[in-house]
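Asks: The following block contains the structure, expressed as structure tokens.
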Amino acid sequence: MLKRIIIPIILTASVLLTSCSHLIHIEKMSKSDFINTNKTNSLKVDKNRLDDKINFSPYYNRIKLRAGYNTLESDTERRVYREISAHCADFTDEKESPDSSNYKIKSIVLYGCAITRRLLAKTVMAFFQDNPSVFWIDEPYSFSISGDTLTLSLYSVMTEAEYNKRVKQLNAVINSILKKMKKGMSEFERELYIHDYLVKNCKYLKNADDENKDPYTLYGALVNQSAVCMGYASAFQLLLSYVGIKSAAVYGSDTASGHIWNCVKIGGDWYYTDVTWDDTGDFFMYDNFNITTKQLKKTHTLVPKITAYNDKELFGKDGALKTVNLIIPECTATKYNYYKYKGSVMKDITENRIAEDLAKAAKNKEQYFYIYVHPRFLNYKTTYNQLFSDDLFGFSNYIRKANSIAGGDILKTAVSVTAKKNLNTISVELQYN
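If you want it as structure tokens, here you go:
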């Protein structure tokens, strides 16, 4: 579920930007031009206190998320980005308006800042792309440009006291998650651990109220344990960064509505992972864990990059910013797809590997067993029928062999099966004696 971003635009007297594409040019900029010269808003250390109170994993190095920042092409954009980072927690506790539930963040004033509405929107997007931990800021922002001075106003959904309270709650949860991670986990295992934590501990909120921002944030996912896709994606992205894994949020739609998921870099390659779709509530699955672009597009639609639109297309008549992406990696690698990497890969209907893998699963009392039917060697439909419809190489034979290998009558021959032809997988829920 996506929230629509509305950008109120305020143009003040002096030199006005009357066109979206109009840029105030500055012929020469000195070092002082890259410092906020408003003494009440001088550049200072980021007040995002999440990191200050988190005992990062002793085994894995935290990385700084930079996917959004890396899309910025000018010093002006990067300057605005840094100022937002420095001042996004400058609370005033003043209401945005008498009838508003939001509070003002102290305005950010930048002198000598020539920027268009388009580049400002891109820069704000880049900041929030890299900072899922900024859970207190509401999406609308406003700005004014007078001469070469930019004034940017952000708004918080809570007071500073509430912010401090919630940061402590988040710190406790995140520390608990990181503390339980073991030494020597591969990137795949770290990603899987965080994926499984969210699936087990967060419930998808079907009827989220737009007035309540919590479900759209990592606070909702980690503390309230109830969120929509944005909350899942934000929590997944932040936790991955704490254990050294690059990721970013990706925008689009699924079969029902607007949607957000993640791209994740594992083993040097990009994959798509949608934790929300893997959280079915009853059946533990990995259909959307490290999949390719081709697999993703069977159920998801990616919205274009911001570069695909001109200014008129990007902003609606009411000031609404179109939902766009800053990055869309082409994901073609399959090595770390969950079913291919962790499942039992079947290349021959008679191979003994299936029985051996079943025996290992039985010894570990695993609830689910996954088979990846390799498309290069086997026809999916034929293989499925041979396993679960015909008698010649029925799956029950594999269970009998597995019991023999495991040294006891551990598994029942009756199982529940879910076929996923689009993924070339068969998910089997095992039954134990």
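Here the sequence shown stands for residues 14 to 446, where the numbers follow the numbering used here.
By construction, the Cβ of each residue, glycine as well, lies at the ideal position given by its N, Cα and C atoms.
Near alanine 7, what residues of its chain come up, given a Cβ to Cβ distance below 6 Å and the 5 sequence neighbours on each side ignored?
Replies: One cannot answer for residue 7 here, as it falls past the ends of the chain, which runs 14 to 446.
Asks: At the level of alpha carbons, what is the spacing between lysine 193 and aspartate 209?
Replies: 13 Å
Asks: Along the chain, which unbroken stretches of the alpha helix (DSSP H) at least 4 residues long are found entirely within the region 275-339?
Replies: 288-291, 306-309 and 324-327
Asks: Thinking C-beta only, is leucine 315 closer than 8 Å to asparagine 350?
Replies: no
Asks: Could you name the residues that DSSP lists as bridge partners for methionine 138?
Replies: Answer is none; methionine 138 lacks a bridge partner.
Asks: Measure the C-alpha to C-alpha separation of leucine 36 and cysteine 126 and round it to an integer number of angstroms.
Replies: Summary for leucine 36: the model assigns pLDDT 28, below 50, so the residue's position carries little reliability; its value from the coordinates is reported in the next sentence. Answer to the nearest angstrom: the Cα atoms are 10 Å apart.
Asks: Could you give the residue range of the alpha helix (DSSP H) that holds lysine 434?
Replies: Premise fails: lysine 434 is in no alpha helix (DSSP H) and is neither H nor E.
Asks: Could I get the ranges of all uninterrupted beta strand (DSSP E) runs contained in the region 74-149, with 3 residues as the minimum, in chain order?
Replies: Every beta strand (DSSP E) stretch that sits fully inside the region 74-149 and reaches 3 residues is listed by chain position as 104-108, 116-118 and 121-123.
Asks: Please classify glutamate 200 as buried or exposed, where buried requires at least 16 other C-beta atoms within 10 Å of its C-beta.
Replies: buried
Asks: Hey, how far is the Cα of tyrosine 284 from the Cα of tryptophan 290?
Replies: Tyrosine 284 and tryptophan 290 have their C-alpha atoms spaced approximately 15 Å apart.
Asks: Would you report the Cα separation of asparagine 410 and lysine 360, rounded to the nearest angstrom?
Replies: Using only the alpha carbons, I get a separation of about 17 Å.
Asks: From lysine 378 to threonine 320, what distance separates their C-alpha atoms?
Replies: 50 Å
Asks: Less than 8 Å between the C-beta atoms of methionine 243 and tyrosine 255, yes or no?
Replies: Contact: no.
Asks: What are the residues that DSSP puts in a beta bridge with alanine 261?
Replies: Cys276
Asks: Evaluate glutamate 107 with the Cβ neighbour count: other Cβ atoms within 10 Å of its Cβ, from every protein chain shown; 16 or more gives buried, anything less gives exposed.
Replies: Exposure of glutamate 107 is indicated by the presence of fewer than 16 other C-beta atoms within 10 angstroms of its C-beta.
Asks: Going by other Cβ atoms of all chains shown within 10 Å of its Cβ, with 16 needed for buried, is arginine 130 buried or exposed?
Replies: buried
Asks: Within the continuous alpha helix (DSSP H) that includes isoleucine 207, where are the two ends?
Replies: 200-214
Asks: Please work out which residues of its chain come closer than 6 Å, Cβ to Cβ, to histidine 313, disregarding the five sequence neighbours upstream and downstream, and give them in chain order.
Replies: Excluding residues up to 5 positions away in sequence, Gly265 and Asp267 lie with their Cβ nearer than 6 Å to the Cβ of histidine 313 in the same chain.
Asks: Evaluate contact between the region 302-311 and the region 340-350, counting only Cβ atoms and requiring at least three cross-stretch pairs below 8 Å.
Replies: yes
Asks: Where do the ends of the beta strand (DSSP E) carrying serine 440 lie?
Replies: 438-442
Asks: Please tell me whether tyrosine 176 and proline 153 are closer than 8 Å, where the distance is taken between their beta carbons.
Replies: no
Asks: I'd like to confirm the pairing. Which residues does DSSP put opposite methionine 359 in its beta bridges?
Replies: Val386
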